[in-house]
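So the number in the working numbering is just where the residue sits in the sequence shown, counting from 1, plus 22.
C-beta: ideal position from N, C-alpha, C; glycine also.
This one's a predicted model, so the numbers in the text were calculated from it and none came from an experiment.
Shown next, in structure tokens, is the structure this report addresses.
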Amino acid sequence: MSADRLLGTLLRYAQTYTEQQDTPRFLSTAASLLVSLQNHRNITLLTSHLLSAPALWHRPEGLQTCLRLMGVSHSAALALLRREEQDAVDAQSQWYPPPSQGIPKNAWIKAVVKGATGGEDGTGRFRSPAWKSVLVLTGLLLGFGPREEEALDANMRASLEQELIANVNKALEDVRAGGEELSGHALCLALNHVFPHLSDFERSLIDYDLLLPVLIGSAFFSNEGLQGAYFLAAIELDLSKTPDGKLNWRPNSTSFHNVQNLLNRPLVASLGPLARLIAHSIENVRESYLVHTLVDDLAGFSRSLLSQWRQNSISNVDIHEEQAALSQDTIQITTPQLWKLLRSTLFALTIVFRGSIGRLLNDRHMASDAVAPNFVIQVLSSLRNLFFITSRIGTHSFSQYTFVYLTCIDILAAYPRQAEEFLQTIKPTFIHAIPASPVDRALALYFLNTAEHFTLILSPASNEDFLVASALPYLAAGGAKRLLPLFEAAHSVMLAVLSAPQSADTAAKHAPFYVDALFSAFPQNLSPRQFRLAFKTLMRVAAPPSPLAFTHPDLPAILLELVLHRGLHAPTEPLPQVEMASPLAGDDGAPPQAILSERAVLALTLLDALPFLPLGLLNEWLPLAAQLVDAVPPGPMREMCRARFWEVLVGGEMDPERALVCVSWCTSQGGMEMVMGGQRDQDIVMSGALPAPEAKL
Numbered sequence: 023m024s025a026d027r028l029l030g031t032l033l034r035y036a037q038t039y040t041e042q043q044d045t046p047r048f049l050s051t052a053a054s055l056l057v058s059l060q061n062h063r064n065i066t067l068l069t070s071h072l073l074s075a076p077a078l079w080h081r082p083e084g085l086q087t088c089l090r091l092m093g094v095s096h097s098a099a100l101a102l103l104r105r106e107e108q109d110a111v112d113a114q115s116q117w118y119p120p121p122s123q124g125i126p127k128n129a130w131i132k133a134v135v136k137g138a139t140g141g142e143d144g145t146g147r148f149r150s151p152a153w154k155s156v157l158v159l160t161g162l163l164l165g166f167g168p169r170e171e172e173a174l175d176a177n178m179r180a181s182l183e184q185e186l187i188a189n190v191n192k193a194l195e196d197v198r199a200g201g202e203e204l205s206g207h208a209l210c211l212a213l214n215h216v217f218p219h220l221s222d223f224e225r226s227l228i229d230y231d232l233l234l235p236v237l238i239g240s241a242f243f244s245n246e247g248l249q250g251a252y253f254l255a256a257i258e259l260d261l262s263k264t265p266d267g268k269l270n271w272r273p274n275s276t277s278f279h280n281v282q283n284l285l286n287r288p289l290v291a292s293l294g295p296l297a298r299l300i301a302h303s304i305e306n307v308r309e310s311y312l313v314h315t316l317v318d319d320l321a322g323f324s325r326s327l328l329s330q331w332r333q334n335s336i337s338n339v340d341i342h343e344e345q346a347a348l349s350q351d352t353i354q355i356t357t358p359q360l361w362k363l364l365r366s367t368l369f370a371l372t373i374v375f376r377g378s379i380g381r382l383l384n385d386r387h388m389a390s391d392a393v394a395p396n397f398v399i400q401v402l403s404s405l406r407n408l409f410f411i412t413s414r415i416g417t418h419s420f421s422q423y424t425f426v427y428l429t430c431i432d433i434l435a436a437y438p439r440q441a442e443e444f445l446q447t448i449k450p451t452f453i454h455a456i457p458a459s460p461v462d463r464a465l466a467l468y469f470l471n472t473a474e475h476f477t478l479i480l481s482p483a484s485n486e487d488f489l490v491a492s493a494l495p496y497l498a499a500g501g502a503k504r505l506l507p508l509f510e511a512a513h514s515v516m517l518a519v520l521s522a523p524q525s526a527d528t529a530a531k532h533a534p535f536y537v538d539a540l541f542s543a544f545p546q547n548l549s550p551r552q553f554r555l556a557f558k559t560l561m562r563v564a565a566p567p568s569p570l571a572f573t574h575p576d577l578p579a580i581l582l583e584l585v586l587h588r589g590l591h592a593p594t595e596p597l598p599q600v601e602m603a604s605p606l607a608g609d610d611g612a613p614p615q616a617i618l619s620e621r622a623v624l625a626l627t628l629l630d631a632l633p634f635l636p637l638g639l640l641n642e643w644l645p646l647a648a649q650l651v652d653a654v655p656p657g658p659m660r661e662m663c664r665a666r667f668w669e670v671l672v673g674g675e676m677d678p679e680r681a682l683v684c685v686s687w688c689t690s691q692g693g694m695e696m697v698m699g700g701q702r703d704q705d706i707v708m709s710g711a712l713p714a715p716e717a718k719l
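Structural data, given as structure tokens:
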């Protein structure tokens, strides 16, 4: 059948609608025909009919229909490029190459653009909505590839991009005027795909004030996006119990199919690039109030997400108890897909918040004292609502989250009153008890992690009333597997409170309990690194010139006595599966790893504390430290302790006065022999001193 006859048949088919129509086949035929037509008017006619064909738009399947329309122009553009390549090959291989089977590329593009933007005759009498034109133009740009591939000449590409942006802005105005819901979603879909292919100049012409609300609404609140977080509500209805009492979420349930469909929807499947487009829009909007509105809307979204998760019985299962509480289908099939969707949501929101914080830092109005604290409180509250996801996957490799979180904390720390009010609003409901629900434990962990950063600006009463009070239950309970993150966070909060200068009285009151908890936790629930760091911080707090040293001058000696007594009676067997970095770096700059015993760790802990001791106490404890090092059985552990002792003495950790005490002890009081085990093959110099000049022969 000739192309002209096929065109007539196709146009008649396009004007009808039946339930049995094969839409994908119809569009595939249209894409092939679009390249085969010899008359540019027929190309314009076919393009304009595709934008209004009842066969395609009488009952559109959401963004899938929009993707198919983009696919028509995309496939046609690729076919045109392949035809050009074949014509070039034929021209080189034959004396008399046959003429090309189609009209020239630029003329073909102009015909398609006329059909997409001006109707059948190019006059606009049959003009389709601008958002449908955007879909066709997007497909063309994607089909011809990025600028670097040079598939289009510069003038044609510029003209095509200019036409696209003009239609985007027209479509945005139509959406604001109350256009159909699908139009906004289609614009998000098209821009999300084509944005990397646009020049910086054309990007600058987009009306971001109109675009930003459309992007947020489509991505997070529409049925084509994350449905306002209400996709979690249906899961509870499909949960059941297996005969052995395990929670079961069936793979053939309606709610699981909904999650799978959600993951496959175009906007959700490309949520990462879409979030970056939203962040770019935030940085370029003219009206800053739009950013406030956005953050408020996303805070509501995060609250809804947390509320829906609470109503789900799966939320009551701790991650360490899933094997015993969930069925195999739930563990292996259904919940992994749910967590994949939740992770994508977290990452997308974080990228959007990253753009919002970047705008805050560069916008004078948003950075004002009247706006900034409330703005970052909204962001921190949203991160708290999402922490049931964050606590499961961790944030160490997610630099954007770290930036948003710490930047918000730094900004809020400049406003003590608002910071204290914020902590009051997010503190656990029952502050003196450990929450039973994993969700509440995740929120408590977020509170402890966040409160740790504000101890220097909070009043002593606040530090004691709800920071220390929140940490004490976890220190008393120990580090059970499901409580280990909370246990470590509680230690950090206690150390932060004890280190705050204004909380000296609080430190004196709670230091004995904390010391007891610290020694009780090691080595079962605290690693050697954590124990050494905690004790070193405690010694720094207890030593001059801290306020605690003046009210309790005997505290450093008491702490050292505890370490020495326990160290002399501690086991000498290597701690199981505990790796400790040597303080001396290897030749390659990376510290070698060694497995230590409890006694060796306590010896290293005592050595770490020496630079903080008063001069009189230092002279007394140098031989006692050597005694504890010598109590470590001969072998690599003792050599590591001796190396650490030597580094403390001459490595620059001592100030000049303490270094002089160390030199005197080493040279005239037998310290050298104690440290080196009888070997004296190095000169002892004060820390920071210059070496003696070599004698000349």
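Residue-level contact to chain C via CB, residue i, 8 Å cutoff
i      : result
Gln440 : Checking the listed chains, one finds no chain C in this structure; it contains a single protein chain.
CA-to-CA distance, residue j to residue i, given in whole angstroms
i      : j      : result
Tyr170 : His219 : The question names Tyr, but residue 170 is Glu in the sequence shown. Roughly 10 Å between the two C-alpha positions.
Ala622 : Val654 : 6 Å
Gly201 : Leu85  : 16 Å
Ser244 : Ser324 : 15 Å
Val158 : Glu183 : 12 Å
His587 : Phe541 : 12 Å
Phe216 : Thr372 : According to the sequence provided, residue 216 is Val. The question's Phe does not apply to it. Answer to the nearest angstrom: the Cα atoms are 23 Å apart.
Gln108 : Leu186 : 29 Å
Pro295 : Asn214 : 7 Å
Tyr427 : Leu320 : 16 Å
His513 : Asn189 : 58 Å
Ser413 : His387 : 34 Å
Pro613 : Met694 : Because the pLDDT of Pro613 is 37, which lies under 50, any placement of that residue in the model is unreliable, and the question is left without a value.
Thr594 : His418 : 34 Å
Leu383 : Ile433 : 10 Å
Gln422 : Leu402 : 14 Å
Cys688 : Trp668 : 11 Å
Close Cβ partners of residue i (< 7 Å) along its chain, the five nearest in sequence each way excluded
i      : result
Ala52  : Leu32, Leu68, Leu72 and Val94
Asn334 : Leu254, Ile257 and Glu258
Leu363 : Val281, Leu284 and Leu285
Phe469 : Ile448, Lys449, Pro450 and Ser492
Asn338 : Ser459 and Pro460
Thr38  : Pro76 and Ala77
His454 : Ala491 and Pro495
Leu360 : Val281
Element boundaries [beta strand (DSSP E), containing residue i]
i      : result
Ser262 : Leu261 to Lys263
Residues that DSSP places opposite residue i in a beta bridge
i      : result
Pro18  : With the chain represented from 23 up to 719, any question about residue 18 goes unanswered, as that position is not in the structure.
Trp271 : Leu261
Cut-off 8 Å between Cβ atoms - residues of its own chain near residue i, not counting five sequence neighbours on either side
i      : result
Gly700 : For Gly700, the pLDDT reaches just 49, beneath the cut-off of 50, and the residue's location in the model is therefore unreliable, leaving the point undetermined.
Three-state secondary structure (DSSP) of residue i
i      : result
Leu348 : strand
Arg702 : Per-residue confidence for Arg702 stands at a pLDDT of 44, beneath the threshold of 50, marking its modelled position as unreliable; the derived number appears in the next sentence. It is coil, neither helix nor strand.
Phe544 : coil
Asn245 : coil
Leu100 : helix
Asp319 : helix
Gln37  : coil
Asp266 : coil
Leu478 : coil
Ala607 : The predicted position of Ala607 is uncertain, since its pLDDT is 33 and thus under 50; no value can be drawn from it.
His454 : coil
Pro495 : helix
Range of the contiguous alpha helix (DSSP H) that encloses residue i
i      : result
Glu661 : Pro658 to Val672
Val654 : Per DSSP, Val654 belongs to no alpha helix (DSSP H) and is neither H nor E.
Phe375 : Thr357 to Asn384
Gln282 : Thr276 to Asn286
Asp222 : Asp222 to Ser226
Gly137 : Lys127 to Gly140
Ala53  : Thr45 to Ser58
Arg298 : Leu293 to Asn306
Other residues of its chain near residue i: CB distance less than 6 Å, five sequence neighbours each side excluded
i      : result
Pro460 : Asp340
Met178 : Asn128
Leu174 : Phe166
Met696 : Ala648
Ala36  : His71, Ala75 and Ala77
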